[in-house]
Amino acid sequence: MSTTTGPAAIAALRASTPKLVVDDVTKVFAGRKTTVTALEHVDLHVADGELVCLLGASGCGKSTLLSIIGGLEAATSGTVTVDGDLVVGPGADRGMVFQAYSLFPWKTVAQNIAFGLETARWSKARREERVAELLGIMSLTNFADALPKELSGGMRQRVAIARALAPEPDMLLLDEPFGALDAETKRHMQDFLLSLWRRTGTTILMVTHDIEEAVYLSQRIYVLAARPGRVAAEIDIPFGSTRGPNTKRDPRFLDLRDELADLLAT
Amino acid sequence: MIEVEQAGARPDLEAVGEPAPAVPEGPPPSGTRGRPPSRLFGIRTEIPVGWRIGFGVVGVAGLLGLWLWSAGDGSALIPTPGSSWSAFTEMVGDGTFQTDLWASLQRVAIGYSISMAIGIVAGIAIGTFASVESFFEPLIGFLRYIPAPALLPLFLLLLGIGESPKIWLIVVGTAFYNVIMTADVARNVPREMIDASYTLGAGRGRILRRVILPHSIPGIIDVARINLAAAWSMLVVAEILGAQAGLAYQINLAQRFRAVDVMFALLFVFGLIGLCSDVILRQVRNRVAPWARP
Ligand SMILES: Nc1ncnc2c1ncn2[C@@H]1O[C@H](COP(=O)(O)OP(=O)(O)OP(=O)(O)O)[C@@H](O)[C@H]1O
Ligand SMILES: [Mg+2]
Chain F
0 MSTTTGPAAI AALRASTPKL VVDDVTKVFA GRKTTVTALE HVDLHVADGE LVCLLGASGC
60 GKSTLLSIIG GLEAATSGTV TVDGDLVVGP GADRGMVFQA YSLFPWKTVA QNIAFGLETA
120 RWSKARREER VAELLGIMSL TNFADALPKE LSGGMRQRVA IARALAPEPD MLLLDEPFGA
180 LDAETKRHMQ DFLLSLWRRT GTTILMVTHD IEEAVYLSQR IYVLAARPGR VAAEIDIPFG
240 STRGPNTKRD PRFLDLRDEL ADLLAT
Chain G
0 MIEVEQAGAR PDLEAVGEPA PAVPEGPPPS GTRGRPPSRL FGIRTEIPVG WRIGFGVVGV
60 AGLLGLWLWS AGDGSALIPT PGSSWSAFTE MVGDGTFQTD LWASLQRVAI GYSISMAIGI
120 VAGIAIGTFA SVESFFEPLI GFLRYIPAPA LLPLFLLLLG IGESPKIWLI VVGTAFYNVI
180 MTADVARNVP REMIDASYTL GAGRGRILRR VILPHSIPGI IDVARINLAA AWSMLVVAEI
240 LGAQAGLAYQ INLAQRFRAV DVMFALLFVF GLIGLCSDVI LRQVRNRVAP WARP
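Protein chains in written order, with numbering that gives the first Met the number 0: chain F, 0 to 265; chain G, 0 to 293.
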């Protein structure tokens with residue numbers, strides 16, 4: 000029937016499919032002596048505006064998967080699509096934040112944030128406006144002219160997030176962005192990320208190995224198992240907009256945390 | 000609403016309660032635990048400024064003392080500092096020193112600039128692109144073991160006896176080091192930084208110009224600083240084997256007249272030029288790349 004193949008039907012199909020679809024992705028690292036299957040038949044999806052966490056033990060392929068979605072690495076087989084477009088390389092539509100060491104040390108905070116705007120050829124006036132806006136959101140206005148080395152770890156990660164967010168990407172990919180922070184700063188940054196997400200409605204896919212962080216932040220969690228890396232479970236998190244400091248004392252929170260701890264232990 | 004507080008501004012932690020109870024007084028210490036750190040020879044440990052300056056002065060004074068002692072009353076082969084100084088003022092007086100200095104400086108400046116230009120372009124390309132690296136690696140691995148001074152006779156045949164064989168000796172004698180070391184500098188740009196640039200929409204050209212190059216600049220200045228000494232060595236070889244002017248030409252000439260005082264004066268000048276260029280390049284590095292200052 001023509002209706003199932005016509006442009007209108009395709010558009011309708013697009014609208015109903017998730018923003019990000021990872022379809023049957025396998026990644027094999029072939030070394031000289033050993034081959035490592037980092038990911039095997041991974042399927043997952045993230046809806047528009049959703050905040051999803053990838054949870055898994057060290058070495059289960061979380062970073063590899065995020066790199067493939069970001070287009071920084073090619074999958075051995077399988078596909079990644081964003082809004083129906085096949086991902087073949089990196090692009091400004093998928094902003095990424097790394098664990099550390101990714102800020103440009105010779106650029107000030109404001110210049111770091113402006114980098115993606117310059118590549119996108121924003122006018123100077125628009126650039127300045129956007130940078131000022133992000134500095135405000137990130138409570139970094141007083142540090143606009145500071146160099147990264149003059150900032151604390153938490154502030155550096157906020158700059159990295161602001162920089163990724165600046166060119167208005169379709170989604171944010173975060174690879175253990177708070178992994179190197181102390182517990183207190185980490186808690187602040189989590190609340191901060193939540194409010195940022197509510198405010199901007201950006202689709203967020205975040206990698207973490209911190210169970211509480213995953214339960215606290217996400218609407219959905221994919222648990223990855225190691226050797227080979229694969230999706231072991233997909234878990235819906237029931238806290239809606241009620242999420243807040245008290246969530247961590249909610250019995251459901253504690254149950255989910257224990258359930259996930261068991262899943263990760265196996 | 001964003002409820003994140005600025006790092007550092009944490010009033011909740013500055014709350015003052017009752018004063019902490021005093022630590023109960025115990026018996027006096029019965030012994031010591033652990034090795035006390037060495038004051039002057041702690042591994043990678045700063046020492047007080049006074050000692051820092053003191054050690055430096057002792058080193059310089061030691062060398063001077065050794066010189067004075069071996070010169071004796073001036074009858075030995077080794078000249079006294081005084082006779083070296085008068086040899087120096089004499090050279091300055093009749094203008095030969097200025098001519099020699101200018102000739103040598105010019106050769107090193109031109110030769111080393113060409114060498115650095117090659118080093119930067121080839122080094123960054125090798126450190127960035129595996130294809131360029133594979134092309135140059137075996138070539139450089141072979142060529143850099145040919146001692147550059149061995150090429151001078153060939154250069155003299157090919158290029159005549161003017162300035163160009165001397166300049167090209169400096170280029171050939173230093174370019175390989177500059178290339179290899181600059182390639183390492185470029186390789187040290189963190190992967191995450193390049194990946195982040197890609198995900199910010201930057202293409203390869205932009206990443207080369209806006210990320211790899213600026214990140215490499217302090218390292219490149221250090222490379223220039225370190226290999227400059229090799230450029231002077233090449234200059235000496237070139238000037239001894241055929242020149243009409245130059246600091247090393249003058250040293251070579253002095254040998255014929257057993258004018259050791261002239262030799263010492265000029266050796267001193269070499270050391271001084273090196274020291275100055277080192278200090279200047281460090282300054283330039285800190286000025287151009289304050290972010291990389293330790
Ligand atoms: N470039 C590579 N070459 C070979 N093997 C690799 C490479 N990158 C990753 N691997 C392997 O793939 C597996 C997954 O690595 P990955 O970095 O994705 O793990 P991860 O889940 O992010 O771990 P962590 O939590 O420690 O960051 C590991 O076993 C690792 O050894
Ligand atoms: Mg990782």
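Glycine included, every Cβ here is placed at the ideal spot set by N, Cα and C. Note that this is a predicted model, so its numbers are computed, not measured.
Within the model, the alpha-carbon separation for G:V222 versus G:N177 is close to 7 Å.
Annotation: F:L253 to F:R31 spans about 45 Å, alpha carbon to alpha carbon. Contact between F:L204 and F:L19 holds: CB atoms are separated by about 7 Å, below the 8 Å threshold. Sixteen is the threshold: when 16 or more other Cβ atoms of the shown chains lie within 10 Å of the Cβ of F:T118, as they do, the residue is buried. Between F:H208 and F:A56, the CB-CB gap stays under 8 Å.
Distances taken from the Cβ of G:H214 to the heavy atoms of ligand 1 include none shorter than 7 Å. Not one heavy atom of ligand 1 lies closer than 7 Å to the C-beta of F:A264.
Along the stretch 59 to 79 of chain F, the positions whose C-beta sits under 9 Å from a C-beta of chain G are S66, G69, G70, L71, read in chain order. Between ligand 2 and F:K61, a heavy atom-to-CB distance of less than 7 Å is present. At least one heavy atom of ligand 2 is found less than 7 Å from the C-beta of F:D174. Remark: fewer than three beta-carbon pairs, one from each stretch, lie closer than 8 Å, so the stretch 124 to 133 of chain G and the stretch 141 to 157 of chain G are not flagged as touching.
Relative to the non-hydrogen atoms of ligand 1, the Cβ of F:A37 comes within a distance shorter than 7 Å of at least one. Taking 8 Å as the threshold, the shortest C-beta distance from G:L76 to chain F does not fall below it. Checking the 7 Å criterion, the Cβ of F:S57 is within range of a heavy atom belonging to ligand 1. Here F:M205 carries a strand assignment [DSSP, helix/strand/coil].
Inclusion of F:D174 and F:V214 in the CB contact set at 8 Å is not warranted, their separation being larger than that value. Under the three-state reduction of DSSP, F:D92 is assigned to coil, being neither helix nor strand. Set against 7 Å, the gap from the CB of F:H40 to the closest heavy atom of ligand 1 is not smaller.
Contact check for F:D92 and F:P168: beta-carbon distance about 5 Å, within the 8 Å limit, so the pair qualifies. Around the beta carbon of G:C275, fewer than 16 other beta carbons lie within 10 angstroms, which makes this residue exposed. Sorting G:V59, G:S83, G:A60 by C-alpha distance to the C-alpha of G:A70 places G:S83 at the top. At the C-beta level, F:G88 and F:D23 stay beyond 8 Å of one another. When C-beta distances to chain F are compared with 7 Å, the residues of the stretch 171 to 203 of chain G below that value are P189, E191, M192, D194, A195, Y197, T198, L199, G200, A201, in chain order.
For F:C59, no alpha helix (DSSP H) segment is defined, and its DSSP state is neither H nor E.
Remark: three or more beta-carbon pairs, one from each stretch, lie closer than 8 Å, so the stretch 210 to 221 of chain G and the stretch 176 to 195 of chain G are flagged as touching. Under the 8 Å Cβ criterion, the stretch 258 to 266 of chain G counts as touching the stretch 235 to 250 of chain G, having at least three qualifying pairs. A heavy atom of ligand 1 is found nearer than 7 Å to the CB of F:F28. Not a single C-beta of chain G is nearer than 8 Å to the C-beta of F:K26.
In the three-state reduction of the DSSP assignment, F:M170 falls in the strand class. Between F:I112 and F:A165, the CB-CB gap stays under 8 Å. Against chain F, the beta carbon of G:A288 has neighbours under 8 Å at W105, listed in chain order. Comparing alpha carbon positions, the residue from F:L43, F:R129, F:I136 closest to F:R198 is F:I136.
Interface flag for G:P148 against chain F is unset, since no Cβ pair is found closer than 8 Å. In this structure, DSSP gives F:G228 an extended state, which the three-state scheme calls strand. For the stretch 83 to 108 of chain F, the residues whose beta carbon sits under 9 Å from a beta carbon of chain G are, in order, G88, P89, G90, A91, D92, R93, G94, M95, V96, F97, Q98, A99, Y100, S101, L102, F103, P104, W105, K106. Burial check for G:D99: the Cβ neighbour count within 10 Å reaches 16 or more, so the residue is buried.
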